[in-house]
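Q: Sharing a structure with you now.
Structure, rendered in structure tokens:
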């Protein structure tokens, strides 16, 4: 996945340049082309967005090199370059994080991001035994044979990134000493108390020949659709990149609901006038029981007797390679036990029918949506879930996975990512820029 807004150089085809003309034009990366394997780049010299497959990226440089006036914005136009899919030059995304940009090589791989990983802004914790954890992570990322395979760019990546807040602390020290320290301290205490009540950890002495994996705190501000703060969340996660296959874990795959399934169920619900209720499982991963023996270092904020030097994980926690799978198995087992069936189309869509009525459950990790044709059946389903899991009931779904649901007067529903757009503008210092209306290229659907 390329860095939005970085500097680029667009290759000028030989037939369009003279012998001494420059071979490339400076531009700014603004997105991906949907109908072909190409990039959308703002050509600074031409003052317009062009679509090209031959682009070189400089992801360390940002911003316009030339000033843009209001007149330039008003005159924005889109140009679709002549693209031949059989001649498309593709570019390869390297797992090590170093991207190779090639302009003249044939038969290279298409631009493909890897599955979304942890935020770049989250720093490692300061546990003494993890001073070289950054180096170890790089080495294991390079050498591990079980890493997540690359996937083609798709719109769902935008929705995942939309859930990232721009004002969250990246370290434990920043959280407990920053301007919102009162809120973060409460969130940290709530997380540790939840772990204590669930019996997640057990104080232990590290056995000979075993090693303890590191931990770190991840902080997230959960917001409402209007951008206001709903709650502060602190999550203690494991540094799963230090786990070894066959020792600390085996199976890791865990499904999440497809975005096409989410849109389909929302459309069906709105068509028939069904309500859509949203629930959030509190510390969902802590419900899964560990099958492997895993030890972790003592986290920041936790104090133990000096006779113990580590913690043994009895339940799974966030960050473990198998945590998502263990939680999914736990949730799936219970939901099926109360009469639901797994959809053949999507393993995270559950369906139950009773007396001519039906109810749907959709799950995306710890976010759960419940909808159906019977209010009584919906209420019963929610009560059954709350009996087994500690859940926060948000009522009517208005904001899920970074997507805002806007109901129209005619019964329609619009999926909006307004807050995500606002955050992007703020990130690049363009939150005060002037908007401009212009016709969209016919290649967009």
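In UniProt numbering, the protein residues as written are 1 to 445. Ideal placement from N, C-alpha and C gives every residue a C-beta, glycine not left out. Just so you know, these numbers come straight off a predicted model, no measurement behind them.
Mapping DSSP to helix, strand and coil, what is residue 421?
A: Taking the chain shown and counting its residues from 1, the one referred to as residue 421 is at position 421. Looking at residue 421 - three-state DSSP - the assignment turns out to be helix.
Q: With a threshold of 7 Å on Cβ separation, who are the neighbours of residue 298 within its own chain once the five nearest residues in sequence on each side are excluded?
A: Along the chain shown, read from residue 1 onward, the residue named residue 298 stands at position 298. Contacts found: 304, 310 and 311.
Q: What separation, rounded to the nearest whole angstrom, lies between the Cα atoms of residue 223 and residue 404?
A: Working through the chain shown from its first residue, we reach residue 223 at position 223. Working through the chain shown from its first residue, we reach residue 404 at position 404. One C-alpha to the other measures close to 11 Å.
Q: Does the distance from the CB of residue 389 to the CB of residue 287 come in under 8 Å?
A: Taking the first residue of the chain shown as 1, we reach residue 389 at position 389. Taking the first residue of the chain shown as 1, we reach residue 287 at position 287. Yes, the Cβ-Cβ distance between residue 389 and residue 287 is below 8 Å.
Q: Let's test the definition: count the other Cβ atoms within 10 Å of the Cβ of residue 169 and tell me whether it reaches 16, buried, or not, exposed.
A: Indexing the chain shown from 1 puts residue 169 at position 169. Burial call: buried.
Q: Does the segment 333-341 come within contact of the segment 248-261, defined as at least 3 CB pairs closer than 8 Å?
A: no
Q: Report the rounded CA-to-CA distance for residue 350 versus residue 235, giving the unit in angstroms.
A: Here residue 350 refers to the residue found at position 350 when the chain shown is read from its first residue. Here residue 235 refers to the residue found at position 235 when the chain shown is read from its first residue. Their Cα atoms are separated by approximately 28 Å.
Q: Does the beta-carbon distance from residue 210 to residue 340 come in below 8 Å?
A: For the purposes of this step, residue 210 is identified with residue 210 of the chain shown, where counting begins at 1. For the purposes of this step, residue 340 is identified with residue 340 of the chain shown, where counting begins at 1. Not closer than 8 Å, so no.
Q: Count the other C-beta atoms from every protein chain shown that fall within 10 angstroms of the C-beta of residue 327, then say buried if there are 16 or more, exposed otherwise.
A: Numbered from its first residue, the chain shown carries residue 327 at position 327. Buried, since its Cβ has 16 or more Cβ neighbours within 10 Å.
Q: Grouping DSSP H, G and I as helix and E and B as strand, with all else coil, what is residue 31?
A: As a first step, residue 31 must be located in the chain shown, where it is residue number 31. Note: residue 31 maps to strand in three-state DSSP.
Q: Give me the residue from 6, 306, 408 and 218 with the minimum Cα distance to residue 319.
A: As a working note, residue 319 is residue 319 in the chain shown. Looking at the Cα atoms, 218 is the closest of the given residues.
Q: Roughly how many angstroms lie between the CA atoms of residue 214 and residue 54, to the nearest whole one?
A: Residue 214 sits at position 214 when you count from the first residue of the chain shown. Residue 54 sits at position 54 when you count from the first residue of the chain shown. If you take the alpha carbons of residue 214 and residue 54, they lie about 42 Å apart.
Q: What's the C-alpha gap between residue 185 and residue 414?
A: The residue labelled residue 185 in the question sits at position 185 within the chain shown. The residue labelled residue 414 in the question sits at position 414 within the chain shown. Looking at the two C-alpha atoms, the distance is approximately 37 Å.
Q: So, do the segment 391-403 and the segment 198-207 have three or more beta carbon pairs nearer to each other than 8 Å?
A: no
Q: From 11, 400 and 204, pick the residue whose C-alpha is nearest to that of residue 38; which is it?
A: Residue numbering aside, residue 38 sits at position 38 when the chain shown is read from its first letter. The option with the nearest alpha carbon to residue 38 is 11.
Q: Expressed to the nearest angstrom, what Euclidean distance is found between the alpha-carbon atoms of residue 138 and residue 418?
A: Locating residue 138 in the chain shown gives position 138, where the first residue counts as 1. Locating residue 418 in the chain shown gives position 418, where the first residue counts as 1. Residue placement at residue 138 is poorly supported in this model, since its pLDDT is 46, which falls under 50; the coordinates still yield a value, given next. Their Cα atoms are separated by approximately 35 Å.
Q: Just the Cα atoms here: how many angstroms apart are residue 24 and residue 431?
A: If you number the chain shown from 1, residue 24 lands on position 24. If you number the chain shown from 1, residue 431 lands on position 431. Distance between the alpha carbons of residue 24 and residue 431 is about 30 Å.
Q: Does DSSP put residue 6 in a helix, in a strand, or in coil?
A: Translated into positions along the chain shown, residue 6 becomes position 6. Residue state for residue 6 is assigned as strand, using DSSP reduced to three classes.
Q: Quick one, are the C-beta atoms of residue 7 and residue 62 less than 8 Å apart?
A: Within the chain shown, residue 7 is the residue found at index 7, counting from 1. Within the chain shown, residue 62 is the residue found at index 62, counting from 1. Result yes, Cβ atoms of residue 7 and residue 62 sit closer than 8 Å.
Q: Could you name the residues of the same chain whose beta carbon sits closer than 6 Å to that of residue 3, not counting the 5 residues immediately before and after it, in chain order?
A: The count along the chain shown starts at 1 and reaches residue 3 at position 3. Same-chain partners within the cutoff: 59.
Q: At what residues does the alpha helix (DSSP H) containing residue 380 begin and finish?
A: Counting from one through the chain shown, the residue named residue 380 turns up at place 380. Start and end: 375-388.
Q: Are the CB atoms of residue 302 and residue 206 within a distance shorter than 8 Å?
A: For this step, residue 206 is matched to residue 206 along the chain shown. For this step, residue 302 is matched to residue 302 along the chain shown. In this structure, residue 206 lies away from residue 302, with their beta-carbon atoms at least 8 Å apart.
Q: Secondary structure at residue 239, three-state DSSP: helix, strand or coil?
A: The residue you call residue 239 lines up with position 239 of the chain shown. In this structure, residue 239 counts as coil in the three-state DSSP scheme.
Q: Assign residue 266 to one of two classes, buried (16 or more other C-beta atoms within 10 Å of its C-beta) or exposed (fewer than that).
A: Along the chain shown, one-based indexing puts residue 266 at 266. Buried: at least 16 other Cβ atoms inside 10 Å.
Q: On a CA-only basis, which of 176, 348 and 399 is nearest residue 276? Give me that one, please.
A: Position 276 of the chain shown, counted from the start, is the residue given in the question as residue 276. Of 176, 348 and 399, the residue nearest in Cα terms is 399.
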